């Protein structure tokens, strides 16, 4: 009887603490590689019993109770298989920032605010307990939390961006914390620290000038002139869920409302269906999985690069599973018999199959994390954005090798393949890193759900926020105090100097008697 009473009390407490909340997910960026992380949390919240409205370009294919799609698909070009190498390779820092701030930021804001779905949402009488959106370059969407009078939570599908630091008072000392836009480790030489510091400062300044100010103007056209400056709204964000983990990123100090949830998008590994199970059946040493992500199709790569890769793969005793459509490759290529092409592949399930021995990848954050999760070494061919940084970390840790696309020949690619396939240390370190990555007090999904519900329960959870975010930059870096100390010290030295000179110049009143 006592046990039954105890269980009843526990049930009532849990039920009361996790009552249904109204949640708005606002994710306007048309990149699937970003959205798969957000989708995992939004689905998880709905499955916990919350009522979740989701604005995105990627409506669910399955029905989940409590998950309500508000699709804006078609309002902006989808960033999936929609780029060519010449558009994204060898871009300057300024060109990368332009893609982020304009193409992926202000342009997206304008297109999405023009949709009837968002117009109707603004006019609706709905009420929300919290608003979730992406922290990238679409600050304009922070206006929704202000519009509905709800706490704001942001998510980042990659490493933190330079402009996130001030908003959360997040330490970002460039002497040992590499920024998103460089490919350095935490141990940098003098030149690298100079470049890292300049990249950090330039990223912050350019974001304010070319993203924050224009986004505020665009958002005010939609929400009204009474909308506060978006920087002020950003500084009052309750929580930041970021796609990093110290086991694969750099260890760095975090404030309480910045939580690492790398691997949030990783769901349970499922057994392979008969089709893929048969594909992996091989009398070779194992399988190499080749996938270059969803941004650029491998079928559009230069023919001489593809042929060099094919020729190198033909000489290793492994079967190759390549994500791509054979018929779409350029004419005239010679395809090795050990390569099997598939237009779609269940990546996580494939990577976690023990027959897969190597992952050839562009180094995207999601794929890299899946490779780490499954304990598979990576041969990285970075193309864009943070991919170089991700591969650099894998290389530094010892579970990856990097080769640039422009440097690929049959000889160089073959050497990289043989180095990673025939040295067991790469696989050993990959498996060790996998254990570190998985060893947590709770799963990334459970951790994320807990903190979202925490913000809801505590009406924004203001106590999580650091007081440092309210300081001016010269106060945060102690420059005003240093200036006072220097000024006071200078004044004291100056006073002593003046008094000394006056004392030395004053004629002596003591008369010496003559004998």
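In mature numbering (1 follows the signal peptide of the UniProt record, and there is no 0), the protein residues as written are -20 to -1, 1 to 495.
For each residue, glycine too, the CB sits at the ideal point set by N, CA and C.
Small disclaimer: the values here were computed from a predicted structure and weren't measured.
Residue from 155, 276, 111 with nearest C-alpha to residue 22
For the purposes of this step, residue 22 is taken as the residue at position 42 of the chain shown. Looking at the Cα atoms, 111 is the closest of the given residues.
DSSP three-state assignment for residue 2, whether helix, strand or coil
For the purposes of this step, residue 2 is taken as residue 22 along the chain shown, with counting starting at 1. It is a strand residue.
Can you name the residues that DSSP bridges to residue 135?
Numbered from 1 along the chain shown, position 155 holds the residue referred to as residue 135. Note: residue 135 sits in a beta bridge opposite 114, 221.
Straight-line gap, residue 458 to residue 472 (C-alpha atoms, nearest Å):
On the chain shown, position 478 is the one that residue 458 refers to. On the chain shown, position 492 is the one that residue 472 refers to. Distance between the alpha carbons of residue 458 and residue 472: 21 Å.
What are the boundary residues of the alpha helix (DSSP H) that residue 355 is part of?
In the chain shown, the residue the question calls residue 355 occupies position 375. Premise fails: residue 355 is in no alpha helix (DSSP H) and is neither H nor E.
Does the distance from the CB of residue 138 to the CB of residue 160 come in under 8 Å?
Sequence index remark: in the chain shown, residue 138 carries index 158 (1-based). Sequence index remark: in the chain shown, residue 160 carries index 180 (1-based). Yes, the Cβ-Cβ distance between residue 138 and residue 160 is below 8 Å.
For residue 190, collect the residues of the same chain with a Cβ closer than 6 Å to its Cβ; drop the 5 residues on either side in sequence, then sort them by chain order.
Position 210 of the chain shown, counted from the start, is the residue given in the question as residue 190. Hits under 6 Å: 81.
Under the three-state reduction of DSSP, which class applies to residue 7: helix, strand or coil?
In the chain shown, counting from the first residue as 1, residue 7 sits at position 27. DSSP, reduced to helix, strand and coil, places residue 7 outside both helices and strands of the structure shown, so it counts as coil.
Please give the ranges of any alpha helix (DSSP H) in the stretch 359 to 391, keeping only runs that are unbroken, at least 4 residues long and fully inside the region.
Here the runs fully enclosed are 367 to 377.
If you draw a straight line from the alpha carbon of residue 387 to that of residue 147, how long is it in whole angstroms?
Here the question's residue 387 lines up with position 407 in the chain shown. Here the question's residue 147 lines up with position 167 in the chain shown. If you take the alpha carbons of residue 387 and residue 147, they lie about 40 Å apart.
Say yes only if the C-beta of residue 111 is nearer than 7 Å to one or more non-hydrogen atoms of the ligand NAP, and no if none qualify.
You won't find the ligand NAP in this model; it holds no ligand whatsoever.
Complete alpha helix (DSSP H) runs within the stretch 269 to 345 (minimum length 4 residues, chain order)
You should have 283 to 294, 327 to 331.
Is the stretch 70 to 77 touching the stretch 85 to 94 in the sense that three or more CB pairs, one from each, lie closer than 8 Å?
Short answer: they don't touch.
Can residue 245 and residue 134 be called in contact, C-beta distance under 8 Å?
Within the chain shown, residue 245 is the residue found at index 265, counting from 1. Within the chain shown, residue 134 is the residue found at index 154, counting from 1. The beta carbons of residue 245 and residue 134 sit no closer together than 8 Å.
CB contact flag (residue 37, residue 53, <8 Å):
In the chain shown, residue 37 corresponds to position 57, counting from 1. In the chain shown, residue 53 corresponds to position 73, counting from 1. A contact, by the Cβ cut-off of 8 Å.
Excluding five sequence neighbours on each side, which residues of the same chain lie with their C-beta closer than 8 Å to the C-beta of residue 377?
On the chain shown, residue 377 is found 397 positions in, with the first residue counted as 1. Short of 8 Å from the beta carbon of residue 377, and not among the five residues preceding or following it, lie these beta carbons of its own chain, in chain order: 228, 409, 413.
Could you tell me whether the stretch 192 to 201 touches the stretch 149 to 166, using the rule of 3 or more Cβ pairs below 8 Å?
Short answer: they don't touch.
Which runs of the beta strand (DSSP E) fall wholly inside the stretch 182 to 249 and span at least 3 residues, in chain order?
Whole beta strand (DSSP E) segments, 3+ residues: 219 to 222, 238 to 240.
Buried versus exposed, by CB contacts within 10 Å (16 or more), residue 258
Along the chain shown, one-based indexing puts residue 258 at 278. An exposed status is given to residue 258, since fewer than 16 other beta-carbon atoms sit within 10 Å of its beta-carbon.
What three-state label does DSSP hand residue 47 in the structure shown?
Along the chain shown, one-based indexing puts residue 47 at 67. If DSSP states are grouped into helix, strand and coil, residue 47 belongs with the strands.
Using the C-alpha atoms, what's the distance from residue 322 back to residue 237?
The residue labelled residue 237 in the question sits at position 257 within the chain shown. The residue labelled residue 322 in the question sits at position 342 within the chain shown. Taking the straight line from one Cα to the other gives about 42 Å.
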